[in-house]
Each structure stands twice: as structure tokens, then as C-alpha cells.
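Numbering (this note's numbering), first residue to last: 172 to 475. In this text, a Cβ means the ideal position worked out from N, Cα and C, and glycines have one as well. Owing to the predicted nature of the structure, the values given are computational and were not obtained by experimental measurement.
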């Protein structure tokens, strides 16, 4: 099969539906052999099964591509290793890892349980580490490879009732940058996508007030398969010089996100006291303080 990813082998986690399904299908259409990973559970973690992963793999095969399903969890080192080993044993190598698997346990922070915190961190942040770490050994040996991680504006900017998800997603952005730095010598690239799309993940967003209903209406206009072209590009050799970046994809719009850098500095030659900070430093920097914004406040224009 010819295409931008001809000869490549890709693993896409959480590929049984939504954004992951779109990425798996697009990578196969671009010539990649795909491991379709999905545990087949609900967002709440209820029920598991091979159905979703098998269905997407069958769809790829029916279209003339090559794919194999996998139902291992990303949330432990052993099972994450199994996901990568499925690629190597079935197709002989691994070239692209898309860390897309996710879950939600939304709760306002002061009511969030330890279990709700841990379950989200385990899947998003630990899962991204475990799957990436399993692939890193092969990437280093072959001196090539690409990681595409899903972050979120919930972490990059902020959102209500998602302390667990926000922390995990911002952690993924930092993890991606560290991977990019540590593995650049082996020609390994690592980038993030912050996807805007209507899927199972976003369908849990409340729509009770007029404001919430308007937000959901906008989200429903953003198709999950619109994320796939960027993932395919980042996995391809056409993106060989792109690493350590954070992109946003929303309908027909692509954004490049800034990353934290100093924006203001104040100096006191004799050293700072708490009083001097209150009287001089804080007022000097106050104009540059970031507003207490949520994602829809910062990105407040309609999808294009």
C-alpha cells in the first residue's frame, strides 16, 4: 500500500472509536500497518471486550490495509509492553506510537476522591509513559521513530471539575518535551496534539445552562476525524524536523501553542524581603499575570 506512511508500523491506543478510530483508519489509508488498541470499556471503565478494536481492524482490512486488534490496557507496564510487542511480533517493527487512550472521572476538586484522581492519572499520564517507554527501546536501536501524544486545553489553559484530567494532560505535554530532548540523538520525535472534537470523551460535558448548551453545540460541529491528518503528518518523514511542539486541531483549524517562558523579571540588588515583594515585585508583574481562564474563555471564537 503506497502513501505517506508506506512501510511504517503504527500503534494507536484508544482506537476503538472517536478520535483514535479516525487516526487508525487514516494511518492505514496512508500505508501504515496498524495495531488497533482498545480495551473496549466505557469512559467509566465498565465492561471490556475485543469488539471495538476488532471492528476497526476489520474495517482497515476490508479497505485493503493491514491491521491487528489489541485489548491490553495502557495503565500498567506489563500490558503496555504487550501493546508494543504486538506490533513487533505481527509486523516486525514499530515506527509510530499515538498515545490516545483516555478516560474521565470529572469532579470538582474539593470533592474529588483518591480513586478518581488515580484512575485518570493511571490511564492518561502513566499510560503515555508506559507505552512510550516500551517503544523507546526499539526506537533507540533503529535510530528512528515518532510519538504523537494527546494533550488537552483543559491542562494547557484550564477547565472546571477536571483537576485529575488537567494535571495528567499538562504532564503529558512536559513528558513529550522530555522525550523529544532525551531522544533527539536517535532521530526520535515527540509532539502533542490538543484535539477539539465531539466524541465519547466530550459527550460527558454538562449541558444544563444556556452557556453550556452553546458550548456543546459548538463542540458537536467539530468532527473527530478532523484530528487524523495532523497525526498522520507528525508520524511521517515529512515531519522529520518537527519535535517538541504542541499543536491544536479544531475542525479545519490548526493552532501552534506557546510554551511557558519568562515574560517579566524584576531585580533587587540587596535581595528581596516579603514586604519588598508586596510593594515592588508583585505590582511590577501584576499587569502580566495570567487571567483565571478556562479553555472556552481563551479560545472563544467559533470553529472554522
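- In this structure, residue 246 sits away from residue 305, with a CB-CB distance that is not shorter than 9 angstroms.
- Collapsing the DSSP output to three states places residue 419 in a strand.
- A Cβ-Cβ distance of about 4 angstroms is found for the pair residue 270 and residue 299, placing them in contact under the 8 angstroms criterion.
- Counting only residues of its own chain and dropping the five nearest sequence neighbours on each side, residue 261 has a CB closer than 6 angstroms to the CB of 239.
- A Cβ-Cβ distance of about 5 angstroms is found for the pair residue 180 and residue 258, placing them in contact under the 8 angstroms criterion.
- For residue 285, the uninterrupted alpha helix (DSSP H) run begins and ends at 285-292, by DSSP.
- Taking C-beta separations shorter than 7 angstroms and ignoring five residues to either side along the sequence, residue 345 has no partners in its chain.
- Judged by DSSP secondary structure, residue 204 falls within the beta strand (DSSP E) whose first and last residues are 204-208.
- Residue 334 is a Cβ neighbour of residue 280, given a cutoff of 9 angstroms.
- In the three-state reduction of the DSSP assignment, residue 316 falls in the strand class.
- Judged by beta-carbon spacing, residue 417 lies beyond the 9 angstroms limit of residue 339, meaning their Cβ atoms are not closer than that value.
- One Cα belongs to residue 198, the other to residue 208, and the distance between them is close to 14 angstroms.
- In summary, residue 320 is buried, with 16 or more beta-carbon neighbours lying within 10 Å of its beta-carbon over all protein chains present.
- In chain order, 415 place their CB closer than 8 angstroms to the CB of residue 352, counting only its own chain and leaving out the 5 sequence neighbours on each side.
- By the 16-neighbour rule on beta-carbons within 10 angstroms, residue 473 is exposed.
- Closest option to residue 394, judged by alpha-carbon separation, among 185, 193 and 435: 193.
- Annotation: residue 348 to residue 434 spans about 20 angstroms, alpha carbon to alpha carbon.
- Under the three-state reduction of DSSP output, residue 333 falls in the strand class.
- When secondary structure is reduced to three states using DSSP, residue 300 falls in the helix class.
- Rounded to whole angstroms, residue 424 and residue 200 show a C-alpha spacing of 22 angstroms.
- The Cβ-Cβ distance between residue 359 and residue 182 does not fall below 9 angstroms.
- Among the bridge pairs identified by DSSP, residue 413 is matched with none.
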